[in-house]
Amino acid sequence: MHKPIKYVEKALTYVARAAWFVFERLNRIRPNPSFTPKWSDRPLLKSYEKVKPPLGWPRTTDSLCPKCVPEIRQQILDGKLPVDILREEPVGQIKAQIIERDGKIWMVKDCPKHGHFEDLISIDPEFTRHLEQAYPGSDIRAHNDERLHNHGSSTIKYGRGAVLTIDLTNRCNMMCDPCFMDANQVGFVHELSWEDIKKLLDDAITLKPKRQLSVQFSGGEPTLSPYFLDAIRYARKLGYNSVQAATNGIEFAKSPEFARAAAEAGLRYVYLQFDGIGNAANAHRRVGNLF
Ligand code: SF4
16 MHKPIKYVEK ALTYVARAAW FVFERLNRIR PNPSFTPKWS DRPLLKSYEK VKPPLGWPRT
76 TDSLCPKCVP EIRQQILDGK LPVDILREEP VGQIKAQIIE RDGKIWMVKD CPKHGHFEDL
136 ISIDPEFTRH LEQAYPGSDI RAHNDERLHN HGSSTIKYGR GAVLTIDLTN RCNMMCDPCF
196 MDANQVGFVH ELSWEDIKKL LDDAITLKPK RQLSVQFSGG EPTLSPYFLD AIRYARKLGY
256 NSVQAATNGI EFAKSPEFAR AAAEAGLRYV YLQFDGIGNA ANAHRRVGNL F
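In the working numbering, the protein residues as written are 16 to 306.
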């Protein structure tokens, strides 16, 4: 038995839904023109103009064969296939079924070459249903993006911008186990030149709609890049108003001057990871006296 207030809340929810349904239908009769915000060249969509992909289950969806993809990647690296094939052909793509079985949601798929695959998507179908129902529909179609969003069937179509992560270098002053980037563990250095960094920042700022776009400099350890401070300064100059760094913090801890210089360049905040309090909780990184 729920508390009486819960029944009141439920009733209010139904009333609000019904009122919105009526209001929205009336609004379609003589709709006011949509507002065009300054971060978009196109007007905001009315809620009834937003579209949703097929949701619910069972349903058919597009997926990838987990064995075809690395094989194709290797053939591209070996020079046996052109990289453009990723844009021009649906390589590795297969159809998949989303189904509910034994109280769980599964993706099942068959590759003509590699056979049958099953992936567990959810152990709570009700919660997944709730998440899908909460999806409000597509946003304004991305525009000003013809040059950049050109990735075949993987082309980004919607979104107002969120976080642009730029990995400045795969070097690091630590050697954690595990490291999400295998920093210092792959036998080669991959580091962006100043031209690379500038191009990424210049290109991304042109995309619309772009309500907010933060830049996160990451790595490896981004503070080791010789362009770290210049990249922050340039990003702020272009108009990115939130510039952050995903860092282990060592360079800032070693040198208050360096921390001050980063703040003066325009760094808004740093993003640190702690696996717990004390050295024991961080011992799995195999870096002595880390905490
Ligand atoms: S500090 Fe981060 S980037 Fe560096 S080795 Fe550890 S996990 Fe990798």
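We treat Cβ as the ideally placed atom computed from N, Cα and C, and that holds for glycine.
Check	Outcome
Element boundaries [alpha helix (DSSP H), containing ILE17]	For the record, residue 17 in the displayed sequence is His; it is not Ile. Here HIS17 belongs to no alpha helix (DSSP H), and DSSP marks it neither H nor E.
Closer than 7 angstroms: GLY264 CB and nearest the ligand SF4 heavy atom	no
VAL201, DSSP secondary structure in three states	coil
Heavy atom of the ligand SF4 within 7 angstroms of GLU236 beta-carbon	yes
Touch test, the stretch 107–122 against the stretch 63–80, Cβ-Cβ under 8 angstroms, three pairs minimum	yes
Three or more C-beta pairs below 8 angstroms linking the stretch 221–228 and the stretch 182–192	no
Any non-hydrogen atom of the ligand SF4 within 7 angstroms of ALA268 CB	no
From LEU101, SER55, VAL106, LEU59, residue whose alpha carbon lies closest to that of ILE80	One detail in the question is off: residue 80 reads as Cys in this sequence, not Ile. Looking at the Cα atoms, VAL106 is the closest of the given residues.
Coil, strand or helix - ARG43 by DSSP	coil
Supposed close pair LEU215, ILE247 - CB separation, criterion 8 angstroms	Their Cβ separation, rounded to whole angstroms, is 14 angstroms, which puts LEU215 and ILE247 out of contact at 8 angstroms.
Heavy atom of the ligand SF4 within 7 angstroms of ALA260 beta-carbon	no
Cβ-based neighbour list, GLY254, same chain, cut-off 8 angstroms, excluding 5 preceding and 5 following	ILE220
beta-carbon ASN122 near the ligand SF4 non-hydrogen atom, thresh 7 angstroms	In the sequence as presented, Asn is not what sits at residue 122; that position holds Met. No, Cβ of MET122 sits at least 7 angstroms from all heavy atoms of the ligand SF4.
Per DSSP, the bridge partner or partners of SER229	VAL178, SER257
Coarse secondary structure for TYR29, derived from DSSP in three states	helix
Nonlocal neighbours in the same chain, by C-beta distance under 8 angstroms from GLU147, ignoring five residues either side	LEU70, GLY71
Whole runs of the alpha helix (DSSP H) within the stretch 119–177, excluding any shorter than 4 residues	140–149
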